[in-house]
Amino acid sequence: MHSSLFFYAAFYSVYRGVVDNVSALQLINPISLVRRNGSSSSSNRRFLSRCSKSSEREPCRVVVVGGGWAGFTAADTLARASSNVSVTLLDASQRGPGGLAGGWRTPKTGRPVEAGIHGFWREYRNTFAMIENIGLDLDDVLTNFTPSILVSENGRVALAPVLGNTMDKPNHLQANNLDWSNPRSLLEQIAPLLPSPLDVALLADFNPDSELSIADRISGIGLLGAWADFVQEDRDSWERYDKISAENLFRSIASISPNLYRDLVAPLLHVLPMTPGYDCSAAAALSCFHFFALQSRGAFDVRWCRGSISERIFNPWVEKLRESGNVCIQGSARVTSIEHYGGEYTVMINNKVSVTCDAVVLAVGATAAGRLIDSCPPLQKIPNLASKWKELRGVSCVAVRLFFAELPPSLASAMSDSPVVVCGPNIGGAPQLVETGFCIYDLSRLQDDFKGGGFVGLEVDFFRADAIAKMRDGDIIKLTLDAVQTALGVESIDMELVEDSAVIRALNAVSHFCVGSASKSPPVRITNGLYICGDWVDRSGHASWSTEKAVVTGLQVANAIDRDFGLDCRQAVIPAAADTPQLMGLRKAAKAWRNASPPRSFPLA
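The sequence shown lines up with residues 470 to 1074 when you count with this note's numbering.
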């Protein structure tokens, strides 16, 4: 029953990003940089930019550190200010734009590579609005909604459905119109009337050979209390559930069956928060469920970019920002220190040159922010901040892209139901996969670059992949082929069939939502002139995750700067979908229950 809420993650083959230092941005409209040991004149203390709009008023100078979704969103929103503003976006890496979503071409054959595959879910409201603001048509950039296959260590579990096409169906039934002779048709008629995820429970295509019994699935109803009690945008909810692990919640408190945990919950925890249940905050797990399954019908429906996100989205975005005339983008710009003098911030780049500005936006991940603490006195002065950020950990990921003349027939057949396969840990018995989940993508069915080009692409993204990252490329490719063979139940895949390949390692690059991590998540405004955005920021705020959370916090940062400096660039954040009437009723019941007599074994007190 409620166990099916985990199916949403079959769509969420994720990545919140796979690689640190993968996005390189060319220098656009060169800026004037001020050397730390240069002249102390007022002209040198000011940030000078040839891309600033002309005005009698001296521009408000903002430096954005980080070139992914959060950083670009903040820069884009600030650039719309009717008052004079000058924005410099600094990116550390040496490849294409897009931060953790960046991409490039292989040196051997010039074939497209990117740092993992990224999905776009139905509730990515602010992300879709931002893409359209660039001037792009969503249907030109993204695929249709796509189902996903879920695989555990015991084999195929289910094919999760796409419900987007059922959203406009009538919300009532007439008995004389029901097709009682066709069970599948009957389920399709009833499902639109049920709240998520019960509709998925009816329509998911379970593998008849799966070890999951009806009793196992029904055991998922034990999560009903937590599902109703946890409120995404409520700090008290986060504090209660962030203190316990997801495994503790599912297995000990909710008492779901061992089979359900092994074949449904564990695989999806390994590919969504990318970590085993014992190392994942229960609040983070419930928050994911809320965003990707419970907010609205079809919330877990996912689309994919028709090509490299860098080429399809970020390159046009770079051009748009260039045309604005007040945004400069500099690649290969690693920030080595941030200091505060006399009301101005000085950002040191590559230990060589410095930029002086009025405000700094950190659009970086948690581990990068922790590393920056030691070289950023303004952050060190904020009570408890340094110790909190340094305690945050990251998840290591490895992205492997393989190119073939054509997919082996058995592999193509095994993926005929969907071009996306979500795989849990401990598949195939390899020691490197004991705590590693992964996703398999048939790029020929997702991306235009692979259609009619004389070659096909297979992407395999590994999560919590520290052991894999230490291996040599050839060994990683061999492990990848073995993992695909086992997960799909196909014959051995000969390495000689691989015509080109790319292996990308990302050590500690992805946010790790471990137990207690939410208490270390900062607000978007750290202090006047210093701001931060990203998917790990303000976790108890806007009910969003991944790319959508990065975009939302980028908007919120720009709005905070607008308030502090009077820039007139405020951009409304589209709110998350309201709870369904059914969920609202359950929340009221849970609140009354908690106030009356909170169970000691449940984190409701």
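Positions of the beta carbon are idealized from the N, C-alpha and C atoms, including for glycine.
| query | result |
| --- | --- |
| Taking the continuous beta strand (DSSP E) assigned at Thr996, which residues delimit it? | 994-996 |
| Let me know if Ser509 comes out buried or exposed under the rule of 16 or more other beta-carbons within 10 Å of its beta-carbon. | With a pLDDT of 34 at Ser509, under the threshold of 50, the predicted position of this residue should be treated as unreliable, though the coordinate-derived value follows. With fewer than 16 other Cβ atoms within 10 Å, it is exposed. |
| Taking the alpha helix (DSSP H) that Asp951 belongs to, which residues open and close that run? | 942-957 |
| Just to confirm, is the Cβ distance from Asn623 to Glu708 under 8 Å? | no |
| Which residue spans inside the stretch 838-871 form an unbroken alpha helix (DSSP H) run of at least 4? | 846-849, 854-860 |
| The alpha helix (DSSP H) that contains Gly540, what's its start and end? | 538-548 |
| So what's Gly694 in DSSP terms, helix, strand or just coil? | helix |
| Could you name each continuous alpha helix (DSSP H) segment of 4 residues or more that falls completely within the stretch 1005-1055, going from the start of the chain to the end? | 1015-1034 |
| Using only alpha-carbon positions, find the residue among Ser777, Asp969, Ser621 that is nearest to Ala584. | Ser777 |
| State the Cα-Cα distance for the pair Val533 and Val740, rounded to the nearest angstrom. | 30 Å |
| Excluding the 5 residues flanking Lys1055 on each side, which residues of the same chain have their C-beta closer than 6 Å to its C-beta? | It should be pointed out that residue 1055 corresponds to Leu in this sequence rather than to Lys. Here the set comprises Ala697. |
| Using 8 Å for Cβ pairs, my map puts Ala978 next to Gly800. What's the rounded Cβ distance? | Between Gly800 and Ala978 the Cβ distance is about 18 Å, and since that is not below 8 Å, they are no contact. |
| With a Cβ-Cβ cutoff of 8 Å, do Glu601 and Ser765 count as a contact? | no |
| Among the candidates Asp963, Tyr1000, Glu968, Cys749, whose CA atom is the shortest distance from the CA of Arg580? | Glu968 |
| Tell me Asp886's beta-bridge partners as DSSP assigns them. | Answer is none; Asp886 lacks a bridge partner. |
| Quick one: give me the first and last residue of the alpha helix (DSSP H) that Tyr710 is part of. | 704-710 |
| The alpha helix (DSSP H) with Leu738 in it runs from where to where? | 735-740 |
| For my contact list, Gly1003 and Thr1022 are in at a C-beta cut-off of 8 Å; report their separation, rounded to the angstrom. | 6 Å |
| At which residue ranges does the stretch 771-802 contain complete alpha helix (DSSP H) runs of 4 or more residues, listed in the order of the chain? | 784-793 |
| Taking a contact to mean a Cβ-Cβ separation below 8 Å, would you say Arg772 touches Ser865 in this structure? | no |
| Below 8 Å between beta carbons: does that hold for Ala751 and Leu738? | no |
| Between the Cα of Phe675 and those of Leu733, Phe769, Leu693, Ser724, spot the shortest distance and give me the residue it belongs to. | Leu733 |
| How far does the beta strand (DSSP E) with Arg720 in it reach, from first residue to last? | First-last for Arg720: undefined, no H or E at that position. |
| Can you give the Cα-Cα distance for Glu928 and Ser688, rounded to whole angstroms? | 35 Å |
| Distance, Cα to Cα, Ser555 vs Ile725? | 54 Å |
| State the start and end residues of the unbroken beta strand (DSSP E) segment that holds Asp911. | 906-911 |
| Quick check on DSSP: helix, strand or coil for Pro581? | strand |
| In this structure, how does DSSP classify Asp674 when only helix, strand and coil are distinguished? | strand |
| Do Leu547 and Ile1030 have their C-beta atoms closer together than 8 Å? | yes |
| Where does Cys892 sit, in a helix, a strand or coil, going by DSSP? | strand |
| Given a threshold of 16 other Cβ atoms within 10 Å of its Cβ, counted over all protein chains shown, does Asn1064 qualify as buried or as exposed? | exposed |
| Beta carbon of Val816, beta carbon of Val796: below 8 Å? | no |
| Residues in the same chain with beta-carbon distance under 6 Å from Ser806, minus the five sequence neighbours each way, listed in chain order, please. | Met817, Ser844 |
| Start and end of the alpha helix (DSSP H) containing Ile937? | 935-938 |
| How is Cys757 classed by DSSP in three states: helix, strand or coil? | helix |
| Tell me whether Met1053 is buried or exposed, calling it buried when 16 or more other Cβ atoms sit within 10 Å of its Cβ. | exposed |
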